[in-house]
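One structure is given below, encoded as structure tokens.
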Amino acid sequence: MDLLTELLTTDFRPLDRRASELYLSTVAQVKPDALALPTPCPDWTLHGLLRHQVSQDEGFAAASRGDGARLSAWRGGDLGDDPHAASRTSADLVTRAFADLALDAELVLPEIRDGGAFPAALAISFHFVDLVVHAWDVAATINVPWEPAEDLVTASLKVAEIVPDDSRSPGESFAPKLDSPPDAPAKDRLLTLLGRSPSWR
17 MDLLTELLTT DFRPLDRRAS ELYLSTVAQV KPDALALPTP CPDWTLHGLL
67 RHQVSQDEGF AAASRGDGAR LSAWRGGDLG DDPHAASRTS ADLVTRAFAD
117 LALDAELVLP EIRDGGAFPA ALAISFHFVD LVVHAWDVAA TINVPWEPAE
167 DLVTASLKVA EIVPDDSRSP GESFAPKLDS PPDAPAKDRL LTLLGRSPSW
217 R
């Protein structure tokens, strides 16, 4: 079975829920005075990164309802005065939206590709890898451990292999791939595949 077929026939929803808990457990450790810190995503402070993920959750939820074509659906995230609560609320929103989807439903994701749609199975895999890697972004920013389970890393590596190159530019979630030693740990290979330096501080 080729990689794309495997991803299209995998139900990522259980993995996505666990990735969400990984992400939220990291966000729960963010102190208010850390929100202005720079992150591994050069154009985003920590506040901007957290707001981005809330916006992504809301966008994927809108896409699940058939309303993903509006870019405004992907840009309205608001952290309010409690980033963790806002992150939990948006995570619950997208989890409920995914639960009602058929895996062959078509989701429009304008931030990934302008025009056309993706099968829900693939769209959910994109959301999943976002959570796993953004959990590292947050953890690296505030200098706390990032310890995804082995199966989350294995699944994320498969998704990272197909992340479109044209979505890797300044101001986006992922940067161009970095070189990685062939014997690098799987977690490090995941980060470099998506443009992160594992040694970033």
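189 is the number that my numbering gives to position 173 of the sequence shown; each next residue is one higher, with no gaps.
Glycine included, every Cβ here is placed at the ideal spot set by N, Cα and C.
This structure is a prediction, so every number in the text was calculated from the model and none was measured.
Helix, strand or coil at residue i according to DSSP, with G and I counted as helix
i    : result
P164 : coil
F28  : coil
L123 : strand
P54  : strand
G187 : At G187, the pLDDT of 49 sits below 50, so the modelled position is not reliable; the number obtained from the coordinates is stated separately. In this structure, G187 counts as coil in the three-state DSSP scheme.
L206 : helix
E177 : coil
D49  : helix
R34  : helix
S88  : helix
S213 : coil
A153 : Before going further, note that residue 153 is Asp rather than Ala in the sequence given. Here D153 sits in helix by DSSP.
L194 : coil
A44  : coil
A171 : helix
Any non-hydrogen atom of the ligand GTP closer than 7 angstroms to residue i Cβ
i   : result
H68 : Absence of the ligand GTP is noted for the structure shown, with no ligands found whatsoever.
Beta-carbon gap between residue i and residue j smaller than 8 angstroms
i    : j    : result
L168 : L38  : yes
G75  : A89  : yes
V148 : P164 : yes
G84  : V145 : no
T26  : V154 : no
L19  : T157 : no
L40  : A107 : yes
L65  : L95  : no
D32  : I140 : yes
P16  : L207 : Any answer about residue 16 is impossible in this case: the structure gives the chain only from 17 up to 217.
A133 : L109 : no
R81  : A50  : no
Residue nearest to residue i in terms of C-alpha spacing, selected from the options
i    : options                : result
E122 : I128, D130, A137, V110 : A137
P192 : D199, A176, L147       : A176
S103 : P58, S215, T208, H150  : H150
A79  : H143, H100, D27        : H143
A35  : S189, S172, L206       : S172
A202 : W216, K174, I178       : K174
A101 : C57, V46, R91, P135    : V46
V179 : E166, D204, A200, G211 : G211
D97  : F28, P48, D195, A44    : P48
P99  : A44, L87, C57, P54     : A44
A115 : P58, P54, F28          : F28
F190 : L87, P30, W60          : W60
T111 : T55, V70, P56          : V70
T105 : E22, D73, D130         : D73
P126 : R86, G93, P135         : R86
T170 : P135, D195, L209       : L209
R217 : P135, R205, R91, T55   : T55
Residue range of the unbroken alpha helix (DSSP H) whose run includes residue i
i    : result
V218 : This structure does not reach residue 218, given that the chain is present from 17 up to 217, and the question cannot be answered.
Residue i at chain D interface by Cβ criterion, 8 angstroms
i    : result
L168 : No chain D appears in this structure, which consists of one protein chain only.
### Message
Extract the residue ranges of the alpha helix (DSSP H) inside the region 94-149, only unbroken runs of 4 or more that lie entirely within it.
### Response
99-115
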